Amino acid sequence: MSKFVLKSTVLLVAAGIGLGASSVWSAESLQDVLKRRGLSQQDVLAAAKTYVPTGKRDEFVAFSSGGQSGQVIVYGIPSMRILKYLAVFTPEPWQGYGYDESSKDVLKQGWIDGKEITWGDTHHPAISETNGQYDGQYLFINDKANPRLAVIDLRDFETKQIVVNPIYKSEHGGAFVTTNTEYVFEAAQYPAPLENRKFFPLEEMNEKYRGGMTYWKFDRKEGRINTKESFSVELPPYWQDLSDAGKGPSEGWSFTNSFCSERYVGGIEKGRPPYEAGCSAKDTDYLHVINWKKAAELVKQGKAKKVNGHDVLMIETAVKEGILYLIPEPKSPHGVDVTPDGKFIIVSGKLDTHTSVYSFEKIQAAIKAGKFESKDPYGIPVISLKDAVERQVQLGLGPLHTQYDSKPCIAYTSLYVDSQVAKWNYCEGKVLDKLSVHYNIGHLMSMEGDSAAPKGRYLVALNKLAIDRFVPVGPLHPQNHQLIDISNDKMQLLYDMPLPLGEPHYAVAIEATKLKPGVRYKVGTDSRTDKPHPGAVRAGEEVTTKTGNKIEVKGTLIRSHITPETIEAEVGDEVTIHLTNLERAQDETHGFTVSTYNVHASAEPGKTVTVKFKADKEGVYPYYCTEFCSALHLEMMGYLLVKPKGWKPTKTAASAKAAYTEDDYKATVKKVADTQAVIDSVVGYITSVNFKDFPDVVAMVEDATDQLGKIPEAKKKADEAAAKKDWDQANLWSEQIWQYQVKAADLGLRAKTYLEQNGAKPVK
Ligand code: RUQ
Ligand code: CUA
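For what it's worth, the working numbering labels the leading residue of the sequence shown as 624, then goes sequentially.
Printed below as a string of structure tokens:
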């Protein structure tokens, strides 16, 4: 039908028939559109660089912090199309996150002091690395507000683990990974006593408050952080900020900024100057330089002290063992970024117009020579700035973060106050180009731009303010990510992308081809353990059991019914429902909810999910599939019947007046036969080509075979009923046969289209 309409429109236009050539919309030329929409050549060029036509995909995938939403936002580059929100620290209903049992368990790992926390302030995502390069296997992100770190498996884009920092009360400089993701680390932010639930007055800041650096041991085989083998290095109560891991020659070391090394204690309400004044009084703060490899060995040798049950290497030990050094850095620094070759560390001071390039070689030489300008109040050796710095470059006002290009020595630094990106050469100390952004850029991100092998091409400016860029939506503005083309000498601003979740702090982007997520689970998988789910059943094995007041349902989901279709309970029963999605076709997700019981699950193909609740109110509660999965999705439902205690039925299933006649039954049988002819022709086509070479088609064929496999059972029931002239039953079971056929035919047609579009070849 739609093909026909399209064709006739084309014909009309070609023949010049219609309302006169100039008013035929489809004949509008590019020039006409430019004029009508007021676009310049430059705009069209930008559009051509970002437009991704239907059916085509993006080159890069960005993972952006979702800020206070506690989530991660995934979008494509250069189209800037949002692909997904990943539920991390915050319940997210669509994915069932926080509404089914296994995801509730993940969120529960993030409870602190027995308290449920339902949000997070995510700042810095990091992709796992192999030899310093993004490998696309895992994503990590921190929560600044409630010091935590999450592990997301990029095989299914699900959050698998949340760990609570055992000694911090706030955390900012994470997540960062070491060259082979041996450790994921995070630095503290606001100093506090390390011991949990311990009070010391602010006047004892210098003695009792501490910062720190935590190295979480990542077990790649398990895909989880091993908390037992993780440790921290105690640091002075300087406000630690961002960090980065050494690589290449600097591998084994980590670098962490700090500000407020004044250790100022505010109190504006007592007439004292506020923190913002007291924390930026000095001209320099400290870059912390830590040999984490040696620190890990020292911890293994038992040189750490247990604080809250966690290994902490104390400042005194770290100094004695020569693994901790400080270097002055001007002034209130924020970003610290190791160059791709690992030779330099670039630091920008928020209140300084310079960006400093530190040389790892010089730092090592000073350490080796024992050449220190002083010790800080905690006895940590301080290397002088001039002994460590390679050069300082004047970039502009409020430099913050630096990212790297695929071209050697080229870096991009965000200038917060100037609202600009500076492109510069850190080997020669030359500014090459500047581009204005809108407005007040924080982080910036080039493609794989913090790895050992940046990919260049694009840069995204993560702006703090959007101001006038978008149609107004009230005082709370969307965030603004601006896409910049960096493939030429001059940067070109291409696109403004409003992000409806805030505040995104940092983002990372990876080549799309490096991501290899699955499209289905092995049938009966618990996605959080990656093992067979104990509540999983196959088709025909569905069962409901009751022991005491505990009801356990092991059911299945397949287009278009939930088995079972009734769950009977008495008030006060504890109900556990496990559901296995039997589908193998891509994107055939079913959802599940029970009216008013605040449960929801998303069961992607093959997954088994569990919801649990107490049936604490008498009544009738429909449950249903929440994803529009098929033409009869609305019929994919059932009833939870919560009966009063001791309730007995007064009526048996009454033999109501027959609703269907023999003619109805015969008509249905005819419909079934006609549909079978369609199926046979589709099957004929599929088996005539090399469909087995296409895993997606094989999955669809399996699903279709599943559906067809249920027909004999239904046919037997229909035949038996017809023999007894029970036309109701005979007709309804025949209708069910037709339902199985329709689903099989739908899958078959999808498979056929796929084969035709992907060049299937005939087989003999
Ligand atoms: S922040 S604008 Cu990374 Cu939390 Cu710098
Ligand atoms: Cu399954 Cu809708």
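Glycine is no exception: its CB is placed at the ideal position from the N, C-alpha and C atoms.
It should be emphasised that the depicted structure is a prediction, and the values quoted were computed from it without experimental measurement.
Closer than 8 Å is the cut-off here; do at least three beta carbon pairs connect the region 949–956 with the region 972–991? Put simply, the region 949–956 touches the region 972–991. At least three CB pairs are less than 8 Å apart.
DSSP has F822 in a bridge; who is on the other side? Locating residue 822 in the sequence shown gives position 199, where the first residue counts as 1. Answer is none; F822 lacks a bridge partner.
Can you tell me whether Q1017 is helix, strand or coil according to DSSP? Here residue 1017 refers to the residue found at position 394 of the sequence shown. In the structure shown, Q1017 sits in a strand (DSSP, three-state: E or B).
Quick check on the DSSP output: the beta strand (DSSP E) that includes L1117 runs from which residue to which? Against the sequence shown, residue 1117 aligns to sequence position 494. For L1117, the enclosing beta strand (DSSP E) covers residues Q1115 to L1122.
For the alpha helix (DSSP H) containing M828, name the first residue and the last one. One-based indexing of the sequence shown puts residue 828 at position 205. Looking at the DSSP string, the run of the alpha helix (DSSP H) that includes M828 is M828 to K831.
For the alpha helix (DSSP H) that contains W1350, what are its first and last residues? Counting from one through the sequence shown, the residue named residue 1350 turns up at place 727. That run of the alpha helix (DSSP H) goes W1350 to Q1380.
For D864 and F1093, what's the separation of their Cα atoms in angstroms? Indexing the sequence shown from 1 puts residue 864 at position 241. Indexing the sequence shown from 1 puts residue 1093 at position 470. If you take the alpha carbons of D864 and F1093, they lie about 32 Å apart.
Span of the beta strand (DSSP E) around I735: Within the sequence shown, numbered from 1, the residue matching residue 735 stands at position 112. For I735, no beta strand (DSSP E) encloses it, and the DSSP letter there is neither H nor E.
For G1072, which residues in the same chain have their Cβ closer than 7 Å to its Cβ, ignoring the five residues on either side in sequence? Translated into the one-based positions of the sequence shown, residue 1072 becomes position 449. Counting only Cβ-Cβ distances below 7 Å, and skipping sequence neighbours, we find Q1026 and Y1027.
What does the Cβ neighbour count give for L1257, buried or exposed, with the cut at 16 atoms within 10 Å? Residue 1257 sits at position 634 when you count from the first residue of the sequence shown. An exposed status is given to L1257, since fewer than 16 other beta-carbon atoms sit within 10 Å of its beta-carbon.
Expected contact under 8 Å - CB spacing of D723 and T1233 to nearest Å: Your numbering for residue 723 matches position 100 in the sequence shown. Your numbering for residue 1233 matches position 610 in the sequence shown. With a Cβ gap of about 6 Å, D723 and T1233 count as contacting.
Excluding five sequence neighbours on each side, which residues of the same chain lie with their C-beta closer than 8 Å to the C-beta of G1147? The count along the sequence shown starts at 1 and reaches residue 1147 at position 524. Once the five neighbours on either side are set aside, the close Cβ partners of G1147 are P1155, H1156, A1159, V1160, R1161, T1203, G1229 and T1231.
Using 8 Å as the threshold, is the region 1108–1124 in touch with the region 1067–1085, meaning 3 or more CB pairs across them? Yes: at least three Cβ pairs fall under 8 Å.
What does the alpha-carbon distance come out to for the pair L1088 and G1125? Taking the first residue of the sequence shown as position 1, residue 1088 is located at position 465. Taking the first residue of the sequence shown as position 1, residue 1125 is located at position 502. So the two alpha carbons sit approximately 11 Å from each other.
Do the CB positions of N860 and R820 come within less than 7 Å of each other? Here residue 860 refers to the residue found at position 237 when the sequence shown is read from its first residue. Here residue 820 refers to the residue found at position 197 when the sequence shown is read from its first residue. First, the residue type needs correcting, since residue 860 is Pro and not Asn in the sequence shown. No, the Cβ-Cβ distance between P860 and R820 is not below 7 Å.
Should L653 be labelled buried (16 or more other beta-carbon atoms within 10 Å of its own) or exposed? For the purposes of this step, residue 653 is taken as the residue at position 30 of the sequence shown. Exposed, since its Cβ has fewer than 16 Cβ neighbours within 10 Å.
For a test of the three-state rule: what should DSSP assign to S1253, helix, strand or coil? Along the sequence shown, read from residue 1 onward, the residue named residue 1253 stands at position 630. DSSP places S1253 in the coil class of the three-state scheme, outside both helix and strand.
I need the DSSP call for Y1129, collapsed to helix, strand or coil. As a first step, residue 1129 must be located in the sequence shown, where it is residue number 506. It is coil, neither helix nor strand.
Along the chain, where does the beta strand (DSSP E) containing K707 start, and where does it finish? Looking up residue 707 in the sequence shown gives position 84. Per DSSP, the unbroken beta strand (DSSP E) holding K707 starts and ends at I705 to A710.
Bridge partners for N914 per DSSP, in chain order? In the sequence shown, the residue the question calls residue 914 occupies position 291. Answer is W876.
Completely contained beta strand (DSSP E) runs for the region 764–816, where each covers 3 or more residues: Counting whole runs of 3 or more residues, the region 764–816 contains the beta strand (DSSP E) stretches 771–776, 781–787 and 806–810.
Would you mind reading off the limits of the beta strand (DSSP E) that contains M1260? Taking the first residue of the sequence shown as 1, we reach residue 1260 at position 637. Note, M1260: beta strand (DSSP E), M1260 to K1266.
Any heavy atom of the ligand RUQ closer than 6 Å to the Cβ of H1066? As a first step, residue 1066 is located in the sequence shown; it is residue number 443 there, counting from the start. Yes, since a heavy atom of the ligand RUQ falls inside the 6 Å radius drawn around the Cβ of H1066.
Note down the Cα distance separating P1031 from T879, rounded to an integer number of angstroms. Mapped onto the sequence shown, residue 1031 falls at position 408. Mapped onto the sequence shown, residue 879 falls at position 256. Approximately 24 Å between the Cα atoms of the pair.
I968 - partner residues in DSSP beta bridges: If you number the sequence shown from 1, residue 968 lands on position 345. I968 is bridged to V961 and Y981.
Shorter than 6 Å, the distance from the beta carbon of Q1188 to the closest heavy atom of the ligand CUA, or not? The count along the sequence shown starts at 1 and reaches residue 1188 at position 565. In the sequence under discussion, the amino acid at residue 1188 is Glu, which differs from the Gln named in the question. Checking every heavy atom of the ligand CUA against the Cβ of E1188, none is found closer than 6 Å.
Beta-carbon proximity of G1261 to I1185, cut-off 7 Å: By one-based count along the sequence shown, residue 1261 stands at place 638. By one-based count along the sequence shown, residue 1185 stands at place 562. The answer is yes: Cβ separation under 7 Å.
How big is the Cα-Cα spacing for K626 and T1376? For the purposes of this step, residue 626 is identified with residue 3 of the sequence shown, where counting begins at 1. For the purposes of this step, residue 1376 is identified with residue 753 of the sequence shown, where counting begins at 1. Interpretation of K626 is limited by its pLDDT of 38, a score under 50 that renders its predicted location unreliable; the figure taken from the coordinates is listed afterwards. Between K626 and T1376, the C-alpha separation is close to 15 Å.
Residue(s) in a DSSP beta bridge with Y698: Position 75 of the sequence shown holds residue 698. A685 and I705.
Say yes only if the C-beta of M1259 is nearer than 6 Å to one or more non-hydrogen atoms of the ligand CUA, and no if none qualify. Walking along the sequence shown from the start, residue 1259 turns up at place 636. Yes, Cβ of M1259 sits closer than 6 Å to a heavy atom of the ligand CUA.
Contacts around Q1017, its chain only, beta-carbon distance under 7 Å, and the 5 residues preceding and following it disregarded: Within the sequence shown, residue 1017 is the residue found at index 394, counting from 1. Contacts found: T976 and H977.
Does the ligand RUQ have even one heavy atom less than 6 Å from the beta-carbon of H746? Within the sequence shown, numbered from 1, the residue matching residue 746 stands at position 123. Result yes, Cβ under 6 Å from the ligand RUQ.
Applying the 10 Å Cβ sphere with the 16-neighbour rule, what's the burial state of Y674? Locating residue 674 in the sequence shown gives position 51, where the first residue counts as 1. So Y674 counts as exposed.
Distance, Cα to Cα, G719 vs H1128? Residue numbering aside, residue 719 sits at position 96 when the sequence shown is read from its first letter. Residue numbering aside, residue 1128 sits at position 505 when the sequence shown is read from its first letter. Our two residues, G719 and H1128, have alpha carbons roughly 26 Å apart in a direct line.
What separation, rounded to the nearest whole angstrom, lies between the Cα atoms of P1400 and E1164? It is not possible to answer for residue 1400, since the shown part of the chain is limited to 624 through 1387.
Going by other Cβ atoms of all chains shown within 10 Å of its Cβ, with 16 needed for buried, is Y677 buried or exposed? Counting from one through the sequence shown, the residue named residue 677 turns up at place 54. It is Thr, not Tyr, that sits at residue 677 in the sequence shown. Counting Cβ neighbours within 10 Å, T677 comes out exposed, since fewer than 16 surround it.
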